[in-house]
Amino acid sequence: MPLRISLQSSLKALAGSASAPPSNVFHTSIRAASSKTQVRRKHDPFMMAQARQRKAANVSRQKELAVERESSLGDPVKSSPTPFILEMTAIQTDSQVPSTVTDDLNYYLKANELDAALGYSKNLTEPLPEATRDTTDPQAEKEALERHEKEHKNAQEAINRIVNLNNGNTKDRVRLNIMKCVETFGRHYTDLNLPPKPSAMVHGSAPVHPERAPRVGPDTGSAEVQAAILTVKIMNLSRHLESATKDKHNRRNMQLLVHKRQKLLQYVRRKERGGPRWQNLMGTLGLSDAAWKGEIAI
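Here's what the structure looks like:
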């Protein structure tokens, strides 16, 4: 019996192969068209000028956006002139300490402590009255008291000159600023004057921790105090680098301090959840978002 071949299936196969062009032909035509457009654009001066104009507009817009971002963030090193920063700057730069800090003396002394010590020394060195008043010379006793008063005034004037901050050096002024940072941002002060941070949602199965014991003495180790102390040191170095532009060693030290302060600020923001303690720290120090946000390049 002869072999039979289906004519209809063979015709369908031929029709399908003739109607569907190969896929690579379509892609080749697109590449050829794009290459022709590029060649025409390169040789057309009008299209080249339009491309250069668009590129210049994009570059200028990118520069404007970069400047806007930097201005919105602020300066990562310098602080805005808040009252606290102005007082710190006046102590560091002026030869005469302003009248607002006259109670602060050198060598960790306070005015009330110095007055108490001088009064105690005056009473201790005052001449004793004679036991027998019949043989006492009133004139000699009066002269002794006057001489003692004069000597006490001389000693008081000498002590005041020694402990006066105007006669101190830069280290003494930085030390006074550090003491002010401890007094302003220490937990022993802020716990009494600032409300607590926003409370987090606590699950019912979470353990209940006992209350912390009250703080004893000044706080010198919290993150807020350390950030404020670093700000004082950064201010001192930045003021020095304004005149000493080639001091690369101190510029490197300032970069290290700025990045260390950035980590502390990020930690405080994360732990305090942007609460009153964080707002008080940033507002008092006059720091902007550039001090803790993003990458700092000095």
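When you number the sequence shown by this note's numbering, it's gap-free, plus one each residue, and the end is 386.
Every residue, glycine too, gets a C-beta built ideally from N, C-alpha and C.
All values reported here derive from a predicted model rather than from experimental measurement.
N194 places its beta carbon less than 8 Å from that of N252. Secondary-structure assignment with DSSP links D192 through a beta bridge to K198. The residue among Q244, A178, V270, L233 with its C-alpha nearest the C-alpha of S209 is Q244. Within the same chain, Cβ atoms closer than 8 Å to the Cβ of H347 are found at I384, the five residues on either side in sequence being excluded. In the structure shown, I386 falls within a coil segment according to DSSP collapsed to helix, strand and coil.
Spanning the alpha carbons of N255 and D335 requires a straight line of approximately 27 Å.
Secondary structure note for E234: its alpha helix (DSSP H) is the uninterrupted segment 226–251. The closest CA to that of S310, considering only L352, T224, V320, is found on L352.
As the crow flies, the alpha-carbon of M267 is around 33 Å from that of E239. Distance from L344 to I322 at the Cβ level is roughly 10 Å; contact not present, criterion being Cβ atoms closer than 8 Å. With a cutoff of 8 Å on beta-carbon distance, E312 and V356 are scored as near each other.
Separation of the CB atoms of Q180 and N324 is rounded to 6 Å, and the pair is thereby assigned contact status at 8 Å. Contact between L206 and I247 holds: their C-beta atoms lie close to 7 Å from each other, under 8 Å. Shortest Cα-Cα distance from G362 to any of N338, P283, D163 involves P283. Around the C-beta of Q150, fewer than 16 other C-beta atoms lie within 10 Å, and the residue is accordingly described as exposed. Cβ-Cβ separation between A378 and D163: approximately 6 Å, consistent with a contact (criterion under 8 Å). In this structure, the beta-carbon distance from P169 to G382 does not fall below 8 Å.
In this structure, the CA atom of V320 is about 32 Å from the CA atom of L153. Contact check for T272 against R365 fails: the beta carbons are separated by 8 Å or more.
For A288, no alpha helix (DSSP H) segment is defined, and its DSSP state is neither H nor E. Here DSSP, grouped into helix, strand and coil, assigns W366 to helix. Taking C-beta separations shorter than 7 Å and ignoring five residues to either side along the sequence, Q126 has no partners in its chain. Following the DSSP letters along the chain, one finds S159 inside the alpha helix (DSSP H) bounded by residues 133–161. Contact between S326 and V165 holds: CB atoms are separated by about 6 Å, below the 8 Å threshold. The Cβ-Cβ distance between P306 and V270 falls below 8 Å.
Here DSSP, grouped into helix, strand and coil, assigns E271 to helix.
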